[in-house]
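**Student:** Just so you know, the sequences run in chain order A and B. Positions 33 to 418 (this note's numbering) are the ones given, in order, by the first sequence. Positions 33 to 391 (this note's numbering) are the ones given, in order, by the second sequence. The beta carbon of each residue, even a glycine, is placed where N, CA and C say it ideally should be.
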Amino acid sequence: MKISKLAILFMLSILLPGCWDNTDLTDINIVTALGIDKDEDGKIIVTVQVAEPAAVQLTSSTHGGGGGSAQIKPVYVKSYKGETIYDALISMKSIIDKRLFLSTTQVLILGERFCKDGINETLDYLHRDYQANYLADVLVARGATPEQILKIQPDMDTIPAMYIKGTAENTAIRAKVERKMLIELFKDIKNECRQATIGQITRLDDKTVKTEGTAVFMNGKLVGWLDQYQTRGYLFVTDKVKHTTVSCSVNNSKISVEIIQSSGKKNVIFKNGEPAKLSIQMRLEGNISEYIGKETLNSPEDIRIIEKKISQEVKKEINMALTKAQKDYSSDIFGFGELVHKYYPQYWKKVMDKWNDIFSRLPVDVWVDIKIRQTGLIKSPMKKDE
Amino acid sequence: MEKARISGLQLFLLMTGFLLGSRLIINPGTEAKADGWLAILISGTGGLLLITLYSLIVLLNPSRTLVEILRDRFGNAIGSVVAVFYIWYFIHLASLVFRDFGSFLVTTTYPRTPMEVIIALFALSIIYAANSGIEVMGRISEILVPFIPFLSTIIGASIVTTHDFTAFLPVLENGIKPVIKESLNLLTFPFGEAVVFLTIFPYLNNKRHLKKITTLSTLLVTVLFLYIFFRNIIILESHFLEQATFVPHLTSVLFPGINLEPLFDVIMIIGGGIKITCAIYAAVISLSQLTGAKDYRIFTSCIVAFSVILSLWIHENIFELFSWTGNVWAYYSIPFQVVIPFILLLFSLFKKDKLQDEE
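1) DSSP three-state label for M414 (chain A), please.
2) Would a check of beta-carbon distances place H28 (chain A) closer than 8 Å to chain B?
3) Could you name the residues of chain B that K219 (chain A) contacts, counting a contact when the two beta carbons are closer than 9 Å?
4) For chain A, check one thing: does any of its Cβ atoms lie closer than 8 Å to the Cβ of L378 (chain B)?
5) Where does F374 (chain B) fall in DSSP's three states?
6) Label W120 (chain B) either buried or exposed according to how many other C-beta atoms from any shown protein chain fall within 10 Å of its C-beta, with 16 as the threshold for buried.
7) Looking at the C-beta of P377 (chain A), does it have a partner C-beta in chain B at a distance below 8 Å?
8) Should the region 151 to 159 of chain B be regarded as contacting the region 352 to 369 of chain B, the criterion being three or more beta carbon pairs within less than 8 Å?
9) How long is the line joining the alpha carbons of H347 (chain B) and H124 (chain B), rounded to whole angstroms?
10) Could you tell me if M169 (chain B) is buried or exposed, where buried requires 16 or more neighbouring beta carbons within 10 angstroms of its beta carbon?
11) Consult DSSP for G408 (chain A) and reduce its assignment to one of helix, strand or coil.
12) Looking at the C-beta of N223 (chain A), does it have a partner C-beta in chain B at a distance below 8 Å?
13) Mapping the DSSP letters down to three states, classify Y361 (chain A) as helix, strand or coil.
14) With contact counted as at least three CB pairs below 8 Å, one residue from each stretch, are the region 61 to 80 of chain A and the region 182 to 197 of chain A in contact?
15) Answer yes if the region 133 to 145 of chain B comes into contact with the region 316 to 326 of chain B, meaning at least three C-beta pairs across the two stretches below 8 Å, and no otherwise.
16) Please name the residue in B:I375, B:L378, B:T332 whose C-alpha comes closest to that of N163 (chain B).
17) So K239 (chain B) and L381 (chain B) are in contact, right, with Cβ under 8 Å, and what is the actual spacing, rounded?
18) When DSSP labels each residue in this structure, what does Q81 (chain A) get in the three-state scheme?
19) Residues of chain B with CB under 9 Å from Y429 (chain A), in chain order?
20) If K130 (chain A) and D220 (chain A) are in contact, beta carbons under 8 Å, what's the gap, nearest whole angstrom?
21) Give the interface partners of V285 (chain B) over in chain A, defined as CB-CB distance under 7 Å, in chain order.
22) Under a CB-based cut-off of 8 Å, is T62 (chain B) close to chain A?
23) Which residue's Cα is closest to the Cα of L217 (chain A): A:I312, A:F391, A:R405, A:N165?
24) At a Cβ threshold of 8 Å, is P280 (chain B) touching chain A?
25) Contact criterion: CB-CB distance below 8 Å. Does I215 (chain A) meet it with respect to chain B?
26) By the three-class DSSP mapping on this structure, what secondary structure does T276 (chain A) have?
27) Going by the CB atoms, is the gap between V398 (chain A) and N351 (chain A) shorter than 8 Å?
28) So, does the CB of P202 (chain B) fall closer than 8 Å to a CB anywhere in chain A?
29) For P210 (chain B), which of helix, strand or coil comes out of DSSP?
30) So for A308 (chain A), helix, strand or coil by DSSP?
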């Protein structure tokens with residue numbers, strides 16, 4: 033009896049602790065970034081950026097010392113063609129030694145051609161596979177292939193993917209690019225009431241990339257771009273601005289205002305069962321962060337003038353974004369359709385397919401209210417007293 | 033019947049764990065899309081009625097379990113036949129939950145482990161739990177079940193970063209039909225499955241509290257379902273909800289920074305383990321009473337083995353499983369969950385006076 037109990041205990045200790053397909057860290061390739069593009073024949077090109085943990089440690093510890101010995105590169109980038117994403121990833125094993133581990137993917141870069149052919153159906157694999165990292169940042173490469181972007185060797189970080197992720201993350205303080213995680217992109221794709229947008233990435237040189245602007249999609253196909261100011265207008269409306277700085281000029285002096293709080297509300301106004309107008313209401317709060325000029329700044333009236341100027345500036349950016357979305361791309365990236373769907377479901381059912389055209393024709397009321405609260409450590413701008 | 037007794041708190045937790053069980057994997061109310069909350073409310077109300085019905089049956093037939101009640105009320109022959117059907121139903125229920133968990137774990141956490149191994153290992157601990165008797169099951173649930181609402185609440189509260197609290201609009205976009213269908217689904221899975229407890233209620237030490245305990249448990253489960261539904265729809269939006277195979281798992285992956293998945297698997301294994309253990313226990317107790325065996329433990333291993341094999345053979349793929357639980361299970365369950373218990377209640381009410389007169 034005792035022996036059988038011991039035997040069972042022994043068996044359990046073997047059976048229970050480990051996974052069936054346990055793989056050691058040394059047997060996998062840690063993928064930090066993934067690029068997806070298409071070639072002329074419609075084949076999918078998948079690019080992976082793989083980090084070499086040992087080399088990363090080596091470079092960071094001997095950084096500046098300039099070790100003369102033959103160093104392993106911290107990352108390597110490889111591309112492979114295939115019929116589908118999964119096909120390319122698996123076939124890629126012919127040039128890569130170990131199993132690719134995708135859960136560590138930080139950045140996903142989509143190629144321009146791939147986006148123009150439509151992303152609605154083609155990203156299925158990244159949603160279906162258990163390894164996919166839903167929190168990876170998605171960006172669209174403009175004017176370069178994903179491979180070219182992933183091959184940069186930045187000075188700021190040993191792993192390019194972390195550098196790219198960092199530039200996308202810091203949009204929280206500048207609001208010039210939309211940060212879109214994979215899961216949010218999937219939500220956009222699935223939601224027929226609004227069109228998808230993805231942040232834009234461009235390659236400056238061998239060491240630098242720039243994340244600024246937005247790629248606009250229409251029914252899953254890339255139709256155009258927004259520049260950095262239009263992007264901010266778009267982010268204002270969709271209430272995604274956390275911090276940013278807006279500049280204006282008053283009487284030959286330049287003023288920068290730091291927006292510390294922003295809330296955007298959009299609405300669709302109905303008349304006689306038809307949408308008559310779109311309205312956008314912005315409530316902003318900010319502090320004066322820079323004032324280059326000769327005026328004095330000490331009365332509430334002075335502040336009021338600046339508030340007015342800044343609100344005009346914000347209004348201008350919003351209008352630019354609206355014009356682009358309505359006139360150039362006729363794509364409801366702001367999600368006005370969602371409001372119609374939620375509050376007028378009967379009407380929505382009728383116009384579902386042609387909503388983007390209706391959206392393009394509707395006039396828009398933009399109303400911006402900004403309150404400037406603080407002026408920093410000094411009151412009037414810095415100048416020589418007369 | 034065992035001499036064992038369980039306390040009110042233990043029964044409450046056992047039942048809560050049972051009702052939450054595998055519904056935690058498959059999102060409650062997905063078919064009705066944004067109207068899932070309506071379906072949950074309707075089925076919660078219906079579930080309350082059904083579970084009250086079960087507790088009334090037990091109260092009217094003190095210290096008798098399902099098989100004994102059936103024989104008392106329907107006569108020996110018919111009662112035994114109905115009891116056989118019930119035993120089959122309990123085994124089938126256990127095998128379905130086995131399969132649910134197997135599919136879930138194979139898809140998300142153990143992609144290369146054969147499902148047979150996962151289910152078999154799971155089954156070993158369930159044989160042990162069922163053999164230890166109802167008192168041990170009660171104590172297990174006392175320790176483990178509080179984790180389920182606790183962890184679900186924490187996960188939910190920490191994930192909601194987007195505050196689109198109007199995500200459940202518009203109300204009744206596709207009419208009332210999907211809502212009714214989903215309510216029926218939810219009513220039979222999990223609320224009606226509490227018919228299993230006809231074999232467990234009699235062990236409660238203080239019968240006066242039975243109705244209070246069952247009501248509280250049903251209410252708590254309904255509230256948790258609502259909470260989980262709103263959490264999922266706020267995070268994932270209604271358009272996205274129907275896409276995922278295992279919705280709550282998807283929500284748990286979205287937590288930034290750390291991986292909450294294992295925590296979530298733990299919740300599910302607790303709920304599922306309790307559910308299967310209850311179903312197996314009900315099956316073997318009924319079987320032992322039907323055959324007049326002295327100890328129910330002789331049946332446990334073979335019944336569990338049978339339901340493990342059944343779970344592996346019964347469905348070819350995951351869509352079959354889902355379409356079975358979504359479309360067939362409800363109608364298949366109605367006789368067991370509603371019709372027979374209702375007749376049983378009528379008989380109990382009617383014959384009660386007669387029995388008392390005779391005495």
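**Tutor:** Taking the coordinates as given:
1) DSSP places M414 (chain A) in the coil class of the three-state scheme, outside both helix and strand.
2) Nothing can be reported for residue 28 (chain A), as the shown portion of chain A is limited to 33 through 418.
3) Neighbours of K219 (chain A) across chain B, judged by C-beta separation under 9 Å: L268, E269, H271, F272.
4) False, the Cβ-Cβ gap to chain A never drops below 8 Å.
5) In the three-state DSSP reduction, F374 (chain B) falls in the helix class (H, G or I).
6) W120 (chain B) is exposed by the Cβ-count criterion.
7) Chain B, which has a Cβ nearer than 8 Å to the Cβ of P377 (chain A), makes this yes.
8) These segments do not touch.
9) H347 (chain B) and H124 (chain B): Cα-Cα distance of roughly 12 Å.
10) When all chains shown are included, M169 (chain B) counts as buried.
11) In this structure, G408 (chain A) counts as coil in the three-state DSSP scheme.
12) It does: the Cβ of N223 (chain A) has a partner Cβ on chain B nearer than 8 Å.
13) Reduced to three states, the DSSP call for Y361 (chain A) is coil.
14) Counting Cβ pairs under 8 Å, three or more are found: they touch.
15) Result no; under three Cβ-Cβ pairs closer than 8 Å.
16) The closest CA to that of N163 (chain B), considering only B:I375, B:L378, B:T332, is found on B:T332.
17) The beta-carbon distance between K239 (chain B) and L381 (chain B), rounded to whole angstroms, is 17 Å. This is too long to meet the 8 Å contact definition.
18) Of the three classes helix, strand and coil, the one that applies to Q81 (chain A) here is strand, per DSSP.
19) The structure shown does not extend to residue 429 (chain A), since chain A is modelled only from 33 to 418, so the question has no answer here.
20) No, K130 (chain A) and D220 (chain A) are not in contact; Cβ-Cβ is about 34 Å, not under 8 Å.
21) Chain A residues near V285 (chain B): Y166.
22) By this cut-off, T62 (chain B) is not an interface position.
23) When only C-alpha atoms are compared, the closest one is A:N165.
24) Closer than 8 Å: no.
25) At least one C-beta of chain B is nearer than 8 Å to the C-beta of I215 (chain A).
26) In the three-state reduction of the DSSP assignment, T276 (chain A) falls in the strand class, which pools E and B.
27) The answer is yes: Cβ separation under 8 Å.
28) Chain A contact via Cβ: present.
29) Here P210 (chain B) carries a helix assignment [DSSP, helix/strand/coil].
30) In this structure, A308 (chain A) counts as strand in the three-state DSSP scheme.
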